[in-house]
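Visitor: Sequential numbering from 8 applies to the sequence shown in my numbering.
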Amino acid sequence: MLLNRLKERWAARKANNKAIDPVKRAKVLRITQKSVPILSILLFVIGIAWLLILPYDGYNKRTYISENALLPGQANLDYGFNDIRTAEDYRDKLMDIQDKDSETRAKFIHQEFRRTGFVSTIQQFEVKGREPKKGVNAFAINRAPRSDGKEALVLSASWKSRTGEYNTNGIASLLSLAKLFKRNVYWAKDVILLVTDEGTWGTQAWLDAYHGTTDESASVVMPRSGAVQGVVNLDFPGTQDYETMGIFFEGVNGQLPNLDLINTIVAVATRTHPPIRITLHDTVKHPFEHHAYGNYVGSLNHMLQSMKYLVLGHPSSDSGLYLRYTIDAVTIHGIVGSEHLGQLYGFNRIGRLVESTFRSLNNLLEHFHQSFFFYLLPQPARYVSISQYMPPVILFACALIFQSLALYYLGTKPIEPEKTDVSTAYSVGKRHTLFAFTVLIISHVAGIVIFNLMQPSFGWKYLGQFTETEAITIQYTTSSVIALSTVVLCVIWISTQPAVEHDGTILKSLCLAASALVIATVSLLNFTLGIATAILTVIPYSFIRPSSHAIGKCVQSVVLLGLSPMGLLYVFSLTSGLPQVDILSTLMLDYQIVRSWFLTFCCTVYWPMNMAMLILVFTQSSS
């Protein structure tokens, strides 16, 4: 009965339904057509404002320990006067040998480990390249007396600090702590003590060998311990005392350690007597620190510094390499200063901080999992969670996708009422999508060619007769020529085709949709890379359009060339003071050594889209 009534009512409504008034429909579509660009700009502005709110203390939250088993700062510490004297003795010995060759230094560390009673060995490695990088690592394992050897912690230090000095105090602290670890029996996990050579090269060689990765660049490392659950890397350059302790935590391709590891170190540092001043990275002060809004500027500065490392996919320290193996790791770095002489610290507080941290990590019942893996840190004790920083990415992606849909279905020309007796539901409009897809395919093929050309192995195989600087210059110049030639050839091809066949409106629609997809997808893997891509593309790509005027074409072409990898490289070189060849060399080595995605992303995703938008300028809109 009820079903029959519903059917009758629906049939009556369908019979009385009148065709949509073409005038009203055209009016609605015109309003939509004009409002979408304004809406997109509004979404972009809201997204930027949201990002600027993130460092504000009223929006972010205080950090806290999620893993109750850690109990930071609760253990009774044994690091005392004798250990300080041991560290000072080691410092004197290290100063005598640190200028010698890698093998001599590694043998010294190896012998000290053996004297202490550890299972120790050295690892010789060689990384292939134009100029093969050779080095020798030394490491030892403190076997836990009450465990099955399936879990381990790592205390590491490199011979060279991030400042370019020798990491004398860092290695001396490690050796003194090694003796402390050996004489205590409360360990539930093995402790691996690692001294690496050649910075990231040595760390990566040890990681590859320890995990059994097929790599001919390093000798097999034996013996082994269990799965590594946490790493603390010591970086204390020189032989003097330090004013502040910096924490470096960014890994490869935007990876971050579990927040509980950072929180544990911060909690231990603040509970040390007297407390150790903690900062993020090596930023101690900023120009506005004494102003009313100085705290906000400092938080913003910390967050931007962290985002810089994450965008480039470059680890901020040697500890960042461990994150690729799902190993949580941080580097603590000693910062020299003279403004707070009463707060200077040396071996005593370094040793007690590391001992207390390892005592907390020793309490772990399982791998870090309770706290966040996705976050931003405006201050050492404050964090921004993923739920707070992801909305701007969605706003940026929506700003592009709305425009893409409007261009695809509405075009750019003013909409007039349809003068036809055919129902709107059955109207069919032909869209020339073949041209747009052809341009996108050509630009991406060019990007793949450029990517293969920019790989370090290409220079070794085919440009061996040139120096490294000359080879990189040739690779980069050839890549730029390929990109520009692709655009020029496509423009020549367009000029020989009828205007109706190369619809710039459809091409722009697909480019905006693809850019939105890239921003939304990449932000899930590397949030800051997605944000950087959005900031560079949303507004410029929204205003780029086919132009029939020479001035319009020139202006838009200059803007797009400035946003291309060529233009961005020039700007970054200008602002940082680094030669372009050095920047390219770092990116290529990151791809080769630490498997960074940044070079791949630039060549196969960002640059092809930039080329397609540049071709768009020389098309005609037939919508």
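Beta carbons: idealized from backbone N, C-alpha and C, even for Gly.
Treat the numbers as computed from the prediction; the structure is a model and nothing was measured.
1) Comparing alpha-carbon positions, which option in L241, Q377 and E373 lies nearest T338?
2) Output the distance between the C-alpha atoms of L360 and I457, rounded to the nearest integer angstrom.
3) Using only the alpha-carbon positions, how far apart do I542 and F88 sit?
4) What residue from T279, T593 and L596 has the CA that sits closest to S1's CA?
5) For the beta strand (DSSP E) that M618 lies in, which residues bound it at each end?
6) In the DSSP assignment, find the unbroken alpha helix (DSSP H) run with A490 in it and report its ends.
7) If we ignore side chains and look at the alpha-carbon of each, how far apart do Y217 and Q40 end up?
8) Three or more C-beta pairs under 8 Å: does that hold for the region 154-167 against the region 70-78?
9) Alpha carbons only, please: which of L575, I558, Y613 and L596 is nearest the one belonging to F625?
10) Can you look up N176 in the DSSP assignment and give me helix, strand or coil?
11) Roughly how many whole angstroms lie between the Cα atoms of Y598 and F605?
12) If contact is defined by three or more beta carbon pairs under 8 Å, each pair taking one atom from either stretch, is the region 517-528 in contact with the region 471-482?
13) To the nearest angstrom, how far is the alpha carbon of L532 from that of P615?
14) Who does S163 pair with in a DSSP beta bridge?
15) Tell me whether G253 sits in a helix, a strand or coil according to DSSP, three-state version.
16) For the putative contact between I357 and F444, defined by C-beta atoms under 8 Å, what is the C-beta separation to the nearest angstrom?
17) What is the residue span of the alpha helix (DSSP H) that F605 lies within?
18) Would you call the region 140-149 in contact with the region 198-212, where contact means no fewer than 3 C-beta pairs closer than 8 Å?
19) Rounding to the nearest angstrom, what Cα-Cα distance links A404 and A527 in this structure?
20) Spell out a yes or no on whether the region 119-135 and the region 169-185 are touching, meaning 3 or more CB-CB pairs, one atom from each, closer than 8 Å.
21) Relative to the C-alpha of D90, which residue among G54, G171 and K189 is closest?
22) Who does L127 pair with in a DSSP beta bridge?
23) Between T440, W213, G574 and S306, which lies nearest to K68 when the distance is taken from Cα to Cα?
24) List the endpoints of the continuous alpha helix (DSSP H) containing S450.
25) Do you know offhand how far K100's Cα is from K292's?
26) Would you tell me roughly how many angstroms separate the C-alpha atoms of F255 and G511, rounded to the nearest one?
27) Mind checking V235: buried by the 16 CB within 10 Å criterion, or exposed?
28) Is there contact between the region 395-409 and the region 317-335, where contact requires at least three CB pairs shorter than 8 Å?
29) Can you tell me where the alpha helix (DSSP H) holding L576 begins and where it ends?
30) What whole-angstrom Cβ distance do I342 and D289 have, given they're in contact under 8 Å?
31) I'd like the span of the alpha helix (DSSP H) that includes I513, first residue to last.
32) Do P152 and W194 have their beta-carbon atoms positioned less than 9 Å apart in this structure?
Guide: With the given structure in hand:
1) Numbered from 1 along the sequence shown, position 331 holds the residue referred to as residue 338. Here the closest residue by C-alpha is L241.
2) What you label residue 360 is simply residue 353 of the sequence shown in a count that begins at 1. What you label residue 457 is simply residue 450 of the sequence shown in a count that begins at 1. CA-CA distance, L360 to I457, rounds to 48 Å.
3) One-based indexing of the sequence shown puts residue 542 at position 535. One-based indexing of the sequence shown puts residue 88 at position 81. Cα to Cα, I542 sits roughly 54 Å from F88.
4) What the structure shows of the chain is the stretch from 8 to 630, and residue 1 is not part of that stretch, so it cannot be assessed.
5) Position 611 of the sequence shown, counted from the start, is the residue given in the question as residue 618. It is not in any beta strand (DSSP E) - M618 instead sits in the alpha helix (DSSP H) that spans W614 to L623.
6) Taking the sequence shown and counting its residues from 1, the one referred to as residue 490 is at position 483. E475 to S502 is the extent of the alpha helix (DSSP H) around A490.
7) Start at 1 with the first residue of the sequence shown, and residue 217 comes out as number 210. Start at 1 with the first residue of the sequence shown, and residue 40 comes out as number 33. One C-alpha to the other measures close to 59 Å.
8) Contact check between the region 154-167 and the region 70-78: fewer than three CB pairs, one atom from each, fall below 8 Å, which does not count as touching.
9) What you label residue 625 is simply residue 618 of the sequence shown in a count that begins at 1. Distances from the CA of F625 to each of L575, I558, Y613 and L596 were compared; the closest alpha carbon is that of I558.
10) The residue you call residue 176 lines up with position 169 of the sequence shown. Note: N176 maps to helix in three-state DSSP.
11) Stepping through the sequence shown from its first residue, residue 598 is reached at position 591. Stepping through the sequence shown from its first residue, residue 605 is reached at position 598. Going by the C-alpha atoms only, they are around 8 Å apart.
12) No, because fewer than three Cβ pairs between the region 471-482 and the region 517-528 fall closer than 8 Å, the two stretches do not touch.
13) Position 525 of the sequence shown, counted from the first residue, corresponds to residue 532. Position 608 of the sequence shown, counted from the first residue, corresponds to residue 615. Each residue's alpha carbon lies about 20 Å from the other.
14) For the purposes of this step, residue 163 is taken as the residue at position 156 of the sequence shown. DSSP, once it has assigned bridges, lists L201 and N240 as partnering S163.
15) Position 246 of the sequence shown, counted from the start, is the residue given in the question as residue 253. Strand, per DSSP.
16) Residue mapping note: residue 357 aligns to position 350 of the sequence shown, counting from 1. Residue mapping note: residue 444 aligns to position 437 of the sequence shown, counting from 1. With a Cβ gap of about 60 Å, I357 and F444 do not count as contacting.
17) Position 598 of the sequence shown, counting from 1, holds the residue named residue 605. Counting along the chain, the alpha helix (DSSP H) containing F605 begins and ends at F605 to F608.
18) In this structure the region 140-149 touches the region 198-212; the number of beta carbon pairs closer than 8 Å is three or more.
19) Sequence index remark: in the sequence shown, residue 404 carries index 397 (1-based). Sequence index remark: in the sequence shown, residue 527 carries index 520 (1-based). Going from the Cα of A404 to the Cα of A527 covers about 6 Å.
20) Counting C-beta pairs closer than 8 Å gives three or more between the region 119-135 and the region 169-185, which meets the contact rule.
21) Against the sequence shown, residue 90 aligns to sequence position 83. With distances taken between Cα atoms, D90 lies closest to K189.
22) Here the question's residue 127 lines up with position 120 in the sequence shown. Before going further, note that residue 127 is Ser rather than Leu in the sequence given. In the DSSP secondary-structure assignment, S127 is bridged to A147.
23) The count along the sequence shown starts at 1 and reaches residue 68 at position 61. The shortest C-alpha to C-alpha distance from K68 to any of T440, W213, G574 and S306 is the one to S306.
24) Your numbering for residue 450 matches position 443 in the sequence shown. For S450, the enclosing alpha helix (DSSP H) starts and ends at T440 to L460.
25) In the sequence shown, counting from the first residue as 1, residue 100 sits at position 93. In the sequence shown, counting from the first residue as 1, residue 292 sits at position 285. Answer to the nearest angstrom: the Cα atoms are 35 Å apart.
26) To locate residue 255, count along the sequence shown from 1; it is residue 248. To locate residue 511, count along the sequence shown from 1; it is residue 504. Approximately 47 Å, taken between the alpha carbons.
27) Start at 1 with the first residue of the sequence shown, and residue 235 comes out as number 228. The Cβ neighbour count for V235, taken over all protein chains shown within 10 Å, is at least 16; the residue is labelled buried.
28) Counting Cβ pairs under 8 Å, fewer than three are found: no touch.
29) Looking up residue 576 in the sequence shown gives position 569. For L576, the enclosing alpha helix (DSSP H) covers residues P572 to S583.
30) The residue labelled residue 342 in the question sits at position 335 within the sequence shown. The residue labelled residue 289 in the question sits at position 282 within the sequence shown. With a contact defined as Cβ atoms closer than 8 Å, I342 and D289 qualify at about 6 Å.
31) Indexing the sequence shown from 1 puts residue 513 at position 506. Residues G511 to L532.
32) Along the sequence shown, read from residue 1 onward, the residue named residue 194 stands at position 187. Along the sequence shown, read from residue 1 onward, the residue named residue 152 stands at position 145. P152 is positioned such that its CB atom lies closer than 9 Å to that of W194.
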